[in-house]
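Notes follow once the structure below has been shown.
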Amino acid sequence: MLTELGLSTWDETVYRAMLQSPRAGVAQLAAQLEVDEPAVRGALDRLLDLALLRSSDDGLCAVRPMAGLMSLLDRAEREVTLRQRRLEVARLSIATFATEFSHQAGTDLITRLEGIDAVRDRLVELAQEAKHDCLSFNSGGAQAPDIIDAEKPLNQQALERGVQIREIYQESFRNDPGTLAHAEWMARLGGHSRTVPTLPMRLVIVDQRTALVPIDPDDPRAGALEISTPGVVAGLIALFEHIWASGRPFGEAAARDQLGLTTQERGLIELLAEGHTDESAGRKLAISTRSVQRTMMVLTQRLGVSSRFQAGVEATRKGWVR
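At position 11 of the sequence shown (counting the first as 1) the number is 996 in the working numbering, and the numbers step up by one without a gap.
Shown next, in the form of structure tokens:
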């Protein structure tokens, strides 16, 4: 209970025993607490250092809790205040260092971030620097729980500063409990999330001026390009807004179009019509090959045909393929 004041659980136990039995010596305390005498002596030495015991003509006596513990509390508060001041100095030093580094880095409008660790470090910086908004595409597989947990404090701090966060996920993420819980948590803090069948790549845009796109869309671990070219960033913002407008907010039931198709079913049909295999369509939609095959079986039955070829012909006839 008092560990924040520098008092271990064992020290607190001995201190309580001293308060309850003011005249007890080392041997009596050891017998009472059922430990050996060296353990008691060690605790008494620490209690003396903390000024919770004082020496008198009769030996050691315990200082009353309100006097002794409040003194420790005052000291702890002074240490916290001093540490806060040092942290503020460190914060200013970091800002100065970052400014110097950015000047040394030159005026390149495209910076190559090699490897996933460099990308994550830069995302942390951008999250802390963000003032207005943050837009993102979250494509591929669902994020691991540890990554979501690591991002939570950054998202919360940004939202509390008034930064607007909008995230677009793929429809398949609705089946991932971790992603669903994260989206609900973000919504409670003021964030907004939508889903679409497919996304072209991962993307982060901060304050309408800095964008991160993958070096290799098929290998997120390869790193990213940080782009500050106004024309390119404007184009990426337009792409985001176009896809955002077609997205479905988390929490809404799957909508069907006038032909009775969900956005994921429509996306699958269009991918297969373009020549994608079940495997590549699954990767685009971030669903398993088995889910692709199961969905196609349902759609084939709805079309009233027995083969994929017949399904393609009938889907075209019904206007399912644009």
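Quick reminder that beta carbons are idealized off the backbone N, C-alpha and C, glycines included. Model, not experiment: these values are computed from the prediction.
Sequence-distant residues of its chain with Cβ nearer than 7 angstroms to residue i (five each side left out)
i: Asp996; result: Ala1028, Arg1031, Leu1032
i: Thr1280; result: Glu1250, Leu1253
i: Gly1091; result: For Gly1091, the predicted structure reports a pLDDT of 47, less than 50, and the residue's modelled location is therefore unreliable. A value from the coordinates is still provided. Cβ neighbours of Gly1091 beyond the five flanking positions: none.
i: Thr1183; result: Gln1155, Gly1252, Lys1269, Leu1270
Option in the options with minimal Cα separation from residue i
i: Ile1132; options: Ile1079, Gln1193, Ile1101; result: Ile1101
i: Gly1147; options: Phe1158, Ala1115, Asp1161; result: Ala1115
i: Leu1057; options: Ile1222, Asp1034, Leu1284; result: Asp1034
i: Leu1188; options: Pro1162, Asn1160, Ala1223; result: Ala1223
i: Gly1260; options: Arg1275, Trp1229, Arg1293; result: Arg1293
i: Gly991; options: Val1074, Leu1054, Ala1047, Ser1124; result: Leu1054
i: Gln1113; options: Val1104, Leu1098, Ala1009, Gln1142; result: Gln1142
i: Val1198; options: His1177, Phe1235, Lys1137, Ser1124; result: Ser1124
i: Ile1153; options: Pro1234, Pro1138, Leu1221; result: Pro1234
i: Gly1163; options: Gln1128, Ile1228, Leu1184; result: Gln1128
i: Gly1232; options: Ser1157, Ser1006, Gly1216, Gln1286; result: Ser1157
i: Gly1161; options: Ser1291, Glu1099, Pro1130, Gly1044; result: According to the sequence displayed, residue 1161 carries Asp and not Gly. It is Pro1130 whose Cα lies nearest to the Cα of Asp1161.
i: Val1181; options: Ala1024, Asp1201, Glu1064, Trp1229; result: Trp1229
i: Glu1010; options: Gly1044, Gln1193, Met1171, Glu1136; result: It is Gly, not Glu, that sits at residue 1010 in the sequence shown. Gly1010 has its Cα closest to that of Gly1044, out of Gly1044, Gln1193, Met1171, Glu1136.
i: Ala1258; options: Thr1301, Thr1248, Val1277; result: Thr1301
DSSP state of residue i mapped onto helix, strand, coil
i: Gly1175; result: coil
i: Val1189; result: strand
i: Thr1096; result: strand
i: Ala1166; result: helix
i: Ile1079; result: helix
i: Ile1272; result: coil
i: Leu1288; result: helix
i: Thr1183; result: coil
i: Arg1151; result: strand
i: Thr988; result: helix
i: Thr1262; result: coil
i: Pro1007; result: coil
i: Asp1059; result: helix
i: Asp996; result: helix
i: Gly1091; result: For Gly1091, the pLDDT reaches just 47, beneath the cut-off of 50, and the residue's location in the model is therefore unreliable, leaving the point undetermined.
i: Glu1022; result: helix
i: Asp1102; result: helix
i: Pro1205; result: helix
i: Val1218; result: helix
i: Asp1030; result: helix
According to DSSP, residues forming a beta bridge with residue i
i: Ala1196; result: Ile1190, Ile1212
i: Arg1039; result: Cys1046
i: Arg1233; result: Thr1180
i: Thr1066; result: Answer is none; Thr1066 lacks a bridge partner.
Same chain, Cβ closer than 6 angstroms to residue i, neighbours up to 5 away in sequence not counted
i: Arg1120; result: This sequence places Leu at residue 1120; Arg is not what is there. Hits under 6 angstroms: Arg1151, Ile1190, Phe1225.
i: Thr1066; result: none
i: Thr1096; result: Glu1211
i: Thr1248; result: Pro1182
Beta-carbon proximity list for residue i, same chain, < 8 angstroms, skipping 5 on both sides
i: Pro1050; result: Leu1004
i: Thr1214; result: Leu1094, Ile1095
i: Thr988; result: Thr994
Subject >> Any beta strand (DSSP E) of 3 or more consecutive residues that is wholly inside the segment 1113–1146 >> reply: 1118–1123
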